[in-house]
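The opening position of the sequence shown corresponds to residue 229 in our numbering, with each subsequent residue numbered one higher. By construction, the Cβ of each residue, glycine as well, lies at the ideal position given by its N, Cα and C atoms. Predicted model, so just to flag it, every value in this text is computed and none were measured.
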Amino acid sequence: MSIIAQSAASVLRTASVSRTALRNLVATRGLAMVTDRPTPMVAGTPSAFLPAVSTSSGNLPASLKMKTGQIFNGTSFGAHKSIFGEIVFTTSLVGYPESMSDPSYGGQILVFTQPLIGNYGVPSAEKDIHGLLRHFESDRIQVQGIIVNDYATRYSHWTAVESLGDWCSRHGVPAISGIDTRAVTHLLREQGSTLGKIAVGEEALDGKLDDYFPDPNLRNLVAEVSTKVPLQYNPEGDVKIAIIDCGVKQNIIRCLVARGAAVTVLPWNYNFNKVADQFDGLFISNGPGSPSTCAETVSNLKVTLDTYQRPIFGICMGNLLLGMAAGLESYKLPYGNRGHNQPAINQTNGRCVITSQNHGYALKDTHMPVGWRKFFVNANDRSNEGIRHVSRPIFSVQFHPEAKGGPKDTEYLFSDFLDQVRADKVKRQSANVFFDQEIQREAAVAFA
């Protein structure tokens with residue numbers, strides 16, 4: 229046989245083996261599916277390496293009904309209940325446990341543009357040395373419901389303890405698979421974030437729209453997710469930071485305590501000004517809904533800006549509330565910015581950073597108040613992504629430097645904030661030492 233003929237035969241044998249291996253691989257994995265029917269396994273596959281399977285019953289019909297008239301039909305894989313909410317979408321590729329447990333998603337039906345969701349399951353609720361959840365951003369699912377294109381009932385990950393469907397069912401959160409999420413996203417981009425309903429069971433088959441779609445943004449969602457009592461983390465830290473909790477994520481607290489701060493989390497409407505002298509810095513957190521429902525917090529912050537001379541840092545809702553206290557107005561974005569790949573341009577040095585975002589409102593920054601400047605601007609829609617004071621250590625950003633999930637390009641902002649806090653504390657302590665020494669010298673002269 230010629231060399232050419234031998235090479236050709238070798239290629240054919242390799243192709244045949246490859247096709248067989250591919251068929252076996254597909255059969256073994258089972259791919260993603262919207263049903264929990266078991267998939268035949270290849271004989272001889274070690275059971276220790278088989279992917280776990282969801283135990284949620286699923287299979288009930290479900291539909292996404294939009295107030296604007298569109299209805300999308302699919303299959304339920306979460307709780308068997310119907311809910312209302314504001315339909316929004318996220319472009320994030322990973323991190324569904326973090327996104328779904330983020331308090332900023334309160335009141336919302338979350339559409340994932342990433343087609344395959346659930347393939348790595350859901351991790352445990354273990355905590356770190358500071359008592360903070362390692363894998364979630366709060367102690368429960370915060371979204372009203374989720375919409376996915378292809379739910380993977382077979383999941384596999386070393387941290388997983390249950391399926392996405394089981395997690396949703398346990399928390400009473402409905403979920404739909406088999407939806408054309410591209411079509412839904414196109415609608416949301418064209419008509420803006422839309423009120424909607426997830427219907428499960430017979431309700432999903434009637435093809436009817438409800439007469440009334442409640443708007444969650446009219447509720448004070450911040451009050452619903454904020455702590456009711458002060459909480460402390462890392463009390464032995466060298467600087468004391470107060471957090472105004474509008475729905476603070478666990479990783480925001482972690483980013484502060486991991487850098488040595490002692491953190492006290494206060495309710496959203498707590499009058500910080502009464503205890504301001506006990507803290508070296510103030511942090512204003514992320515949170516859900518409309519900033520207009522937090523008038524009490526804005527009123528408190530106006531007093532803070534007039535009387536508190538120490539560093540202040542805000543994120544997401546914190547940026548909105550700080551801006552409103554400074555004199556800016558907020559407005560609702562057409563469909564918001566949600567995902568892990570949003571570009572923001574630093575207005576002080578022109579650098580572009582890739583950020584994690586989740587917000588539906590922004591500040592009107594056309595005319596900045598005296599003493600304030602734009603800090604970051606979104607490179608896509610030019611919406612405000614942050615503000616800063618020109619002479620005082622006060623700044624805030626609309627995006628999420630703590631990520632979870634997403635890029636950590638801007639996590640340095642926590643270090644910048646705490647550097648300012650420590651520098652200010654040293655300055656105050658030095659001034660106090662100098663003042664005490666002056667008093668002692670004056671007293672010695674008086675009694676000489």
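Per DSSP, the unbroken alpha helix (DSSP H) holding G546 starts and ends at M545 to A554. Runs of the beta strand (DSSP E) spanning 3 or more residues and lying entirely within the segment 410-457 occur at 422-428, in chain order. For Q570, the closest alpha carbon among the candidates N577, R579, S584 and Y563 is that of S584.
C-alpha of L646 to C-alpha of V322: approximately 30 Å in a straight line.
When the Cα atoms are used, P539 and W600 turn out to be separated by approximately 15 Å. If you check the CB distance, Y563 and V401 do not come in under 9 Å. When N501, A490 and Q626 are compared, the shortest CA-CA separation from L548 is found for Q626. Under DSSP, R398 shares a beta bridge with no residue.
Take D593, set aside five residues on each side of it, and the residues of its chain with a beta-carbon closer than 6 Å to its own are K602 and N612, in chain order.
Annotated three-state conformation of C580 is strand, per DSSP. DSSP links P597 through a beta bridge to no other residue. The C-beta distance from A504 to V467 rounds to 14 Å, too long to meet the 8 Å contact threshold.
When the five nearest sequence neighbours on each side are left out, the beta carbons in the same chain lying within less than 7 Å of the beta carbon of L561 are those of G588, Y589, A590 and S611, in order along the chain.
Of the residues Y440, Q506, N479 and A523, the one whose Cα lies closest to the Cα of W496 is A523. By the criterion of a C-beta distance shorter than 8 Å, Q336 is surrounded in its chain by G313, E314, I315, V316, V371, Q372, P444 and P516, once the five residues flanking it on both sides are discounted. Per the C-alpha coordinates, the member of K436, V581 and G633 positioned closest to N608 is V581.
D330 has its alpha-carbon roughly 15 Å from the corresponding atom of N565. DSSP, reduced to helix, strand and coil, places N569 within a strand of the structure shown.
Under DSSP, N586 forms a beta bridge with R566.
Counting only the Cα atoms, V654 lies some 10 Å from D508. Here F364 carries a coil assignment [DSSP, helix/strand/coil]. Exposure of W386 is indicated by the presence of fewer than 16 other C-beta atoms within 10 angstroms of its C-beta. Assignment of P635 by DSSP, reduced to helix, strand and coil, places it in the coil class.
With respect to S291, A470 sits apart: the two C-beta atoms are not nearer than 9 Å. The Cβ-Cβ distance between T525 and I472 falls below 9 Å. Approximately 6 Å separates the beta-carbon atoms of S454 and G475; this is inside 8 Å, confirming the contact. Sequence-distant partners of R362 (beyond 5 residues in either direction) whose C-beta falls short of 7 Å from its own C-beta, in its chain, are E354, K355 and D356.
When beta bridges are read from the DSSP output, G509 appears opposite I469.
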